[in-house]
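Residue numbers (my numbering), protein chains in the order written: chain A, 3 to 975; chain B, 98 to 186; chain C, 403 to 575; chain D, 1223 to 1639.
Every residue gets a Cβ at the ideal spot worked out from N, C-alpha and C, and that includes glycine.
Predicted, not measured: the structure shown is a model, and the values here were computed from it.
Before any comments, here is the structure.
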Amino acid sequence: MTQSHRIPGKGLMIDRTRPVRFTFDGKGYEGFAGDSVASALLANGERLIGRSFKYHRPRGVMAAGSEDPNSLIEVHENGQQTPNVRGTMQEIFEGLDARSQNHVGPLNFDLMAVNDLLAPFFSAGFYYKTFMWPRAFWEKLYEPAIRRAAGLGRLSGKHDMGLYEKAFAFCDLLVIGAGPAGLMAALTAARAGAEVILADEDRRMGGRLLADQPEVDGQNGADWAASVVAELAAMPNVTLMTRTTVTGVYDDGTFGALERVSLHRAPGEAPRECFWRIHAKRALLTAGALERPIAHPDNDRPGVMLASGLVGQMGKFGVNPGKVVIFSNNDSGLHTARSLTAQGIEIAAYVDPRPLPVTEEFPVYAEAEVVGTRGRLGLKDVSIRHKGGTSVIAARTLALSGGWNPTMHLACHLNGRPEWSPELAAFVAKPGMVPGMSVSGSAAGFMSTRAALLDGHQKAAAALIELGLSVPEISVPESEDRPWAISPLWAVDAGGRAWLDFANDVTTKDVKLAAQEGYSSVEHMKRYTTQGMAPDQGKTSNVSALAVLAEATGKGIPATGTTTYRPPFIPVSIASMGAGGRGEGFAPQRLLTSDAKTRAMKAPMIEAGLWYRPSYFPRAGETDWRTAADREVLTVREHVGVCDVSTLGKIDVQGADAARFLDFVYTNTMSTLKPGRVRYGLMLREDGMVMDDGTCARVAEDHFVVTTTTSGAGQVMRHMDFVHQAFCADWDVRMISVTEAWAQFAIAGPKAKAVLATLGEMPSLPFMGCADVTIGGVKGRLFRISFSGEEGYEVAVPTRFGTALFDHLVATAEGMEGCAYGMEALNALRVEKGFITHAEIHGRVTADDVGLGKMVSAKKDCIGKAASQRPGLFEDREQLVGLMPVNQGETLSAGAHLYNEKDPAQREFNQGYVTSVAPSPTMGCWLGLGFLKNGRARYGEVIRLDDGLRGRKVLVEVCNPVFFDPEGGRMRD
Amino acid sequence: MRIPCPCCGDRDRREYTYYGAADFLDRPAEDAGLEAWDNYLHLRDNPAGVTRDLWYHDPCQSWVEVERNTVTHEVLSTRFVSAKAGASA
Amino acid sequence: MIDLIAKPAVSGLPVSHGGCTLSAFDAGPVTSIAPYPGRDLSAVLPFPAPGTVSDYQSGRLIWAGRDMAFLTGVAAPDLSGLAAVTDQSDGWVWALLEGASVEAVLARLCPLDLRLRSFAVGSSARSMLQHLPILLVRTGPESFQIASFRSMAGTLVHELEIAIKGVAARASL
Amino acid sequence: MTYSGFRVFTQGLTGNKGWTKAWRQPDPKTEYDIVIIGGGGHGLSTAYYLAKNHGLKNIAVLEKGYLGGGNVGRNTTIVRANYFLQGNSEFYSHSLKLWEGLESELNYNVMHSQRGLINLFHSDGQRDAFARRGNAMLAQGDDAELLDREGVRKILPYLDYDQARFPIYGGLYHRRGGSARHDAVAWGFARGADRRGVDLIQNCEVTGIDVANGKVTGVQTTRGPIRAKKVAMVAAGRSSQVAAMAGMRLPIESHILQAFVTEGLKPVIDHVISFGMGHFYISQSDKGGLVFGGDLDFYASYAARGNLPMVEHVMEAGMTLMPMIGRAKVLRSWGGIMDMSPDGSPIIDKTHIDGLFVNCGWNYGGFKAVPASGWCLAHLMATGEPHPVAAKFRLDRFRTGRNIMDEEGTGSQHNLH
């Protein structure tokens, strides 16, 4: 019968006019709109929902919120699946496909349940003591078996293409949890005009007012909550965030929060989840309290619930629990028994270890304990040990109430440690653990509704005063104000296995064994038994487990202390916190003005920093990169080539002290440079190693334009800002990046001047000269510099004209037997000339290592100079050399190591390594650059390039790194 | 974590680049010797408590000296590093 | 004689979803002005305080970072000896974001408190939009101008469009 | 008591009542030959090898909190020998060899799993740098293979090969790389040291280091003064504070490194994957959780917790590399305090105080070093000479510029980590 276990007329959250069909393990069920998977299954009489982690014991729903340790399911849609979803949190929608997880064979006959029989051998930490022999069996046999058995749900293995988002929010007061204290606090602050964010995990605000529905202000508490929410919703200074769990507290009033935006709907256009970064000037933690079970033998069967879970499932969803036994050590359990009775539920027994001089409408077993249960796939009966002996009582539901743990986890996220409250038998937050945040309501141990309402108001008032706002007149409504008392009972001593951590299958025996073996600090116990490490993060088990440990060690609970509470409060998907990162979103893409044209020419693009640059420009018939690159190189050497070099960083440096400043950041002297001239510059880090290189053009007396490498641009700008602001802020110098303002193209080759001539009247520049020019009426800049060794120019125009200029240059060059060239050719050209890039200046080399020691001016200080002169940097260093194969046909490879010809390829014999290689059509062989011990003294020596990784051994001759045109005549006139 | 930029106001940590202890402002003379440079570049008090360190507010390009606590992450004060060099702001 | 044709920084705009529209606009000439230490520019132009925008002739001076403002819309006056001046007209892509949900859209990308109370009309800020550097100006209760590096125009539009769509899609829930 | 499968079986039959303590809980004596400050992985392994390799008996390890409570119990458990600079190369190679025999050495299953480590690269330049690294590994006698894109795809079919922002060019495969169960390493060395007579003293904070005439004479602790002939500072995460007690300033800045673990999942990632471009690395624990992390939070801190910008960066890197993990949920996060040395390489050395030794500067990589670090420090303390594989881990290398080992090439100065 469908929805057989629904109480007529009950269930605030469900809409009985809207039936919703879904499947669980392929079987169709009907629930109502507003149901969770857990409540809908319970309403259909299903108690078994999953299997435990280690012993594969049958497990049912225990709670009504995110703390539930048992109801882990997979949610499937369109070939994608989400594992480890709490059945208590997943709202049902039409067509929802929910499945149980972690079993072999059907859920009700899990073959892995054999583990339960082997439990004596699977004690805490057993795996540290075995599986050690033979050694080779670990990776081959033991570990794969353990891995297969472990784990819970499954990922699909397919890319998660769902939409996720992140967002920022700001407020004066963040109220975390919309129960009685939270609602009262939000109302108080909102009426004071504060900007308030009220966040609640549930889809409807009210917290426990929706579950046990006490009277508030003369009406049902749920109705009172609805009226407060309605008032708040109408106020412009209030933001209500439902289905939103605050997951972590970070520094300076920053909170992480997960909003389940559309998980309650069939997949559509809206984001699945949104991860919020909320910055709040003040915060109130009103997250309530979580009930804990009592450890007694076989307390883990489906049908055993937390009393609060039962009350929640009844009040919110109208779930009918059948005949109920309640086992409680505190007054809220007794209240629940009375309340259920009043609602017509049969309480078969109320069991309490305390002496209780009460007469009730239901059987009360005082000074009694539950010592066992039966029912393989669902509870059948409960054994109660009492003064008169042991009674077995038939029941469908056993509700446990072992007391309440205030939900103060968030208050501990900044390393604060809570303190033990003997009255509450629980840990509570201390004031000031999170600056600007206070804890209120039952999260602070105020157990009655009236006390929570009052406290919420008072804590909000205190926050308002701190915010400089006045506290509005507001009457705190009347409500139940029952006293509450508890007599701690953590575990029933009656033999058998009594569960503490239901999710990870940790029993009292495991905790005691940890203590017995000396793992007696709470951290050791947790790590040895794995208690608290399951998806529920020990929400229902941590305090009980450490109490059992404290008893075993005799240290007492306060001295035992808690483990560290860390974010996130509930598990948070990687996709939500990583929203925007998928695919291209991880980092911005920077596109050249030549990008479209380049791609149209079918050039494969490669990443250069955040930029995309062409690798080569293939022509018809060219089947590989090598053919194209060789052609491009020879074209540059013989005719002319065009290359977009706009990715190089360009920094505009101006002011009367600009030259003086550049003298300080470059190793060489820029102040002697004449206007209209360009100089190569080398920049060190303060540790003396080469940071970057580039050119420095003096475009006017007090105006320079310096270039950086593509990847070094950001670091160089920061560095120059630092040097300026930290050491010479009073100098007349200002810097700004102009990288983006100019599109710049290299024109290189014997016909460069001819190409240039098509741009209009161009000045005749000497090598390393620069000038302002006008191109087609547009102001531009012309530099005569060369990274190819040929006569070379770089022409720059405002970026908007870059596309047009590139098109023109390529067309013009092609008309002169020239071409566009890409990074492969650029690399070959510069290797032929021995020009360095970041492959050589990789962060571990000095100016001297790359043969530029003389560029560190002796006449002045500069950044990095002092450290570069340390004695150890001149001993036994590897120096930049050129490498040519002895046998011209052989291929060189970068990353290979260098050895003397006869030495083995072993570390002790290492002589250096290869940084760059290129096939050189000019020289007719591969060329390499590398670093070799004492290399400059070894030109002419034959050594071995050894690339064991690629099985390559090549004899190479050490030579000057400038292979081609060492005099540089081709670059000059 | 939030750090007040002296010109932009309170900003998220994600807008900053970190640059280590403020010792780095006290640059020795070129010829101060190995010990002085070792002290400047490498050796650190590295206090568990109040420290002064350097942050670059990337959006506005200001270098900021921050006084803060390395144990609590509390930010106590901030100022431009240029305030020391005696100019600008 | 070569004739260079200018190309806009961005294509594919405007885009509009759920009452929020992203469009490109021409900021006119843009000049960075960075006064040298101790110089007073007030005789020439009203250099804006951090986070503000001031009017200059028919253009605007937008505070754009430490010791720097962008003069947009008009040519820069002679500031020789007073300030470093560079042409930034081509360095940036400018976009206009308008509509009732602008704050919600920007809240998905920018770590600033952009609620009207905190970021009034006429405010400017340097910040970031997802991983892009931006200059932001509030031009109205429901409109912002956003400038970012020109080479990143595609990413700028892409990020904003995702956010606009995401905010719009929530209306269907 | 010796552990074995048979013992697990017989104990299981008798209610597991017979398991004895893994280590004693002795009170401190007034004098030891050697006192080691710090009961983490490195301190415990130092004590173990002092006893095992050098026959020394009268040793105490002083731990402020509980054994293994620092970074050895909070890390992403990667074990590898894939360094390329001389100095590091031989040391980590030695350490990996020790790992390979650790279970039988300690009679404790540390679950060292050589499932293979793959470092991805995303450009020709990165491939060249990794080739250099791989050749260094081969030259050291360790294993390395260079995979191209298709080679990576065969092993890791679930990465996003089509649209990742930084396309996968290939990877450096280190088959002997893998992971281990971090706590078990600390506990295994603790139990081994204890069985050889070392006193492991928990909840004993060192409050002072006694020096007379340039020679160390003992330590002051919260459990009273303890005399000692030799003292080793093995307190990564608090190195600067401990050294300050001896009047020393170290080349160390303390930084936060966060790491994350998801809820348990059935096996889905069978290797250790390192995505350098996104500063992201990931593996799956035997228990089923995805264990992953990223780069430093980048600010000096002793708070042992991090902030959201780096959390988000790590998650975004995961999503760009392998969007199939999107629906895995992060269960816990933590922040470890890293001893960052200027060049990113460690220090195992004597100090200017006779009898006082320092072991610090492990940066992000201390876990895999645990066996060799103890082995080498024990050697130095027992013989007075640096062990050959740790000979370059000198304290004065920054001052002299000699043998700086800056693997990342970002600069041998603190602010450029």
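Q) Should B:S159 be flagged as near chain C, meaning a C-beta pair shorter than 8 Å? A) One-based indexing of the second sequence puts residue 159 of chain B at position 62. By this cut-off, B:S159 is an interface position.
**Q.** Interface partners of A:D689 on chain D, CB under 7 Å
**A.** What you label residue 689 of chain A is simply residue 687 of the first sequence in a count that begins at 1. Proximity of chain D to A:D689 at the Cβ level (cut-off 7 Å) is accounted for by G1633, S1634 and Q1635, in chain order.
Q) Leaving out five residues before and five after A:V757 in sequence, what residues of the same chain have Cβ atoms less than 6 Å from its Cβ? A) Translated into the one-based positions of the first sequence, residue 757 of chain A becomes position 755. Counting only Cβ-Cβ distances below 6 Å, and skipping sequence neighbours, we find V642, I749, T814 and A815.
Q) Taking the DSSP output, what are the residues bridged to A:P408? A) On the first sequence, position 406 is the one that residue 408 of chain A refers to. For A:P408, which the question treats as bridged, DSSP gives the partners A:A291.
Q | Ranges of the beta strand (DSSP E) found wholly within the region 373-442 of chain A, counting only runs of at least 3 | A | 383-388, 391-396, 399-403, 406-408, 421-423, 428-430 and 439-441
Q) Quick one, are the C-beta atoms of A:Y795 and A:A745 less than 8 Å apart? A) Your numbering for residue 795 of chain A matches position 793 in the first sequence. Your numbering for residue 745 of chain A matches position 743 in the first sequence. Not closer than 8 Å, so no.
Q.
With distance defined between alpha-carbon atoms, name the residue in D:L1235, D:A1591 and D:I1504 nearest to A:F124.
A. Start at 1 with the first residue of the first sequence, and residue 124 of chain A comes out as number 122. Considering only alpha carbons, the answer is D:L1235.
Q | Residue of A:I488, A:G89 and A:N80 minimising C-alpha distance to A:A66 | A | Residue 66 of chain A sits at position 64 when you count from the first residue of the first sequence. Of the candidates A:I488, A:G89 and A:N80, the one whose C-alpha sits nearest the C-alpha of A:A66 is A:G89.
Q. Nearest-angstrom Cα distance between A:Y352 and A:F588?
A. On the first sequence, residue 352 of chain A is found 350 positions in, with the first residue counted as 1. On the first sequence, residue 588 of chain A is found 586 positions in, with the first residue counted as 1. Near 58 Å, if we compare the C-alpha coordinates of A:F588 and A:Y352.
Q: Enumerate in chain order the residues of its own chain whose CB-to-CB distance from D:H1404 is below 7 Å, with the five nearest sequence positions on each side excluded.
A: For the purposes of this step, residue 1404 of chain D is identified with residue 182 of the fourth sequence, where counting begins at 1. So the list reads V1294, G1295, N1297, T1299 and F1589, once near-sequence residues are dropped.
Q.
Is there a C-beta anywhere in chain B that falls below 8 Å from the one on C:R468?
A. The sequence position of residue 468 of chain C within the third sequence is 66, counting from 1. By this cut-off, C:R468 is an interface position.
Q: Using three-state DSSP, classify D:P1568 as helix, strand or coil.
A: Here residue 1568 of chain D is taken as the residue at index 346 of the fourth sequence, counted from 1. Residue state, collapsed to three classes: coil.
Q. Per DSSP, C:I564 is paired with what?
A. Residue mapping note: residue 564 of chain C aligns to position 162 of the third sequence, counting from 1. In DSSP, C:I564 forms no bridge with anything.
Q | Within 8 Å, strictly: CB atoms of A:A454 and A:A183 | A | As a first step, residue 454 of chain A must be located in the first sequence, where it is residue number 452. As a first step, residue 183 of chain A must be located in the first sequence, where it is residue number 181. Yes.
Q) Whole beta strand (DSSP E) runs in the region 722-798 of chain A with 3 or more residues, listed along the chain? A) 736-739, 744-750, 772-777 and 780-785
Q) Does the region 277-288 of chain A come close enough to the region 341-349 of chain A to have 3 or more Cβ pairs within less than 8 Å? A) The region 277-288 of chain A, when compared against the region 341-349 of chain A, does not touch it at the 8 Å Cβ threshold.
Q.
Between which two residues does the alpha helix (DSSP H) holding A:V106 run?
A. Residue numbering aside, residue 106 of chain A sits at position 104 when the first sequence is read from its first letter. Run containing A:V106: none; DSSP gives neither H nor E here.
Q: Please classify D:A1321: does DSSP put it in a helix, a strand, or coil?
A: Numbered from 1 along the fourth sequence, position 99 holds the residue referred to as residue 1321 of chain D. First, the amino acid is wrong: residue 1321 of chain D is Trp here, not Ala. In this structure, D:W1321 counts as helix in the three-state DSSP scheme.
Q: Kindly list, in the order they appear in chain A, the residues whose Cβ is closer than 9 Å to that of C:M554.
A: On the third sequence, residue 554 of chain C is found 152 positions in, with the first residue counted as 1. By Cβ distance, chain A contributes P590, Q591, R592, L593, L612 and E742.
Q: Give the straight-line distance between the Cα atoms of A:P108 and A:R23, rounded to the nearest whole angstrom.
A: Along the first sequence, read from residue 1 onward, the residue named residue 108 of chain A stands at position 106. Along the first sequence, read from residue 1 onward, the residue named residue 23 of chain A stands at position 21. Answer to the nearest angstrom: the Cα atoms are 22 Å apart.
Q | C-alpha gap between A:H105 and A:H58, whole angstroms | A | Your numbering for residue 105 of chain A matches position 103 in the first sequence. Your numbering for residue 58 of chain A matches position 56 in the first sequence. Whole-angstrom Cα-Cα distance: 7 Å.
Q: Can you pull the chain B residues whose beta carbon is under 8 Å from the beta carbon of A:Y252, in chain order?
A: Position 250 of the first sequence, counting from 1, holds the residue named residue 252 of chain A. Here the neighbours are M98.
(Q) Cβ closer than 7 Å: which chain A residues qualify as neighbours of D:W1556? (A) In the fourth sequence, the residue the question calls residue 1556 of chain D occupies position 334. Ordered by position in chain A, the residues that pass the 7 Å Cβ test against D:W1556 are R568.
(Q) So, does the region 1335-1353 of chain D touch the region 887-898 of chain A, judging by three or more C-beta pairs under 8 Å? (A) yes
Q. Between the Cα of A:W140 and the Cα atoms of D:A1361, D:S1335, D:L1339 and D:G1363, which residue gives the shortest distance?
A. Translated into the one-based positions of the first sequence, residue 140 of chain A becomes position 138. Among D:A1361, D:S1335, D:L1339 and D:G1363, the Cα nearest to that of A:W140 is on D:S1335.
Q. Within 10 angstroms of its Cβ, does A:V944 collect 16 or more other Cβ (buried), or is it exposed?
A. As a first step, residue 944 of chain A must be located in the first sequence, where it is residue number 942. It counts as exposed.
**Q.** Contacting residues, own chain, Cβ-Cβ under 7 Å from A:D878 (five flanking each side not counted)
**A.** Position 876 of the first sequence, counting from 1, holds the residue named residue 878 of chain A. Cβ neighbours of A:D878 beyond the five flanking positions: K935.
Q. Beta-carbon of B:H154 versus every beta-carbon of chain D: anything under 8 Å?
A. In the second sequence, residue 154 of chain B corresponds to position 57, counting from 1. No, B:H154 does not count as interfacial toward chain D.
Q. When the Cα atoms are used, what is the spatial distance from C:I464 to C:M530?
A. Position 62 of the third sequence, counted from the start, is the residue given in the question as residue 464 of chain C. Position 128 of the third sequence, counted from the start, is the residue given in the question as residue 530 of chain C. Taking the straight line joining both Cα atoms gives about 17 Å.
Q.
Within a Cβ cutoff of 6 Å, which residues of the same chain sit near A:P560, ignoring the five residues on either side of it in sequence?
A. On the first sequence, residue 560 of chain A is found 558 positions in, with the first residue counted as 1. By the criterion of a C-beta distance shorter than 6 Å, A:P560 is surrounded in its chain by W422, once the five residues flanking it on both sides are discounted.
Q. If we call anything under 8 Å between Cβ atoms a contact, is D:I1340 one with D:I1547?
A. Here residue 1340 of chain D refers to the residue found at position 118 when the fourth sequence is read from its first residue. Here residue 1547 of chain D refers to the residue found at position 325 when the fourth sequence is read from its first residue. It is not a contact, given that the beta carbons lie outside the stated cut-off.
Q | Residues of the region 777-797 of chain A with Cβ closer than 7 Å to any Cβ of chain C, in chain order | A | Only those residues of the region 777-797 of chain A whose C-beta falls short of 7 Å from the nearest C-beta of chain C are listed: I777, G778 and V780.
Q: Give every residue of the same chain whose Cβ lies closer than 6 Å to the Cβ of C:A466, excluding the five residues on either side of it in the sequence, and list them in chain order.
A: Within the third sequence, numbered from 1, the residue matching residue 466 of chain C stands at position 64. By the criterion of a C-beta distance shorter than 6 Å, C:A466 is surrounded in its chain by F472 and L537, once the five residues flanking it on both sides are discounted.
Q: Look up D:Y1314 in the DSSP assignment and say whether it is helix, strand or coil.
A: Counting from 1 along the fourth sequence, the entry for residue 1314 of chain D is found at position 92. Three-state DSSP puts D:Y1314 in a helix.
(Q) Counting only Cβ-Cβ distances shorter than 7 Å, please list the residues of the region 716-741 of chain A near chain B, keeping chain order. (A) R720, D723, F724, Q727, A728, F729, C730, A731 and D732
Q.
So, does the region 722-730 of chain A touch the region 772-782 of chain A, judging by three or more C-beta pairs under 8 Å?
A. Taking a cut-off of 8 Å on C-beta distances, the region 722-730 of chain A does not touch the region 772-782 of chain A, as fewer than three cross pairs fall below it.
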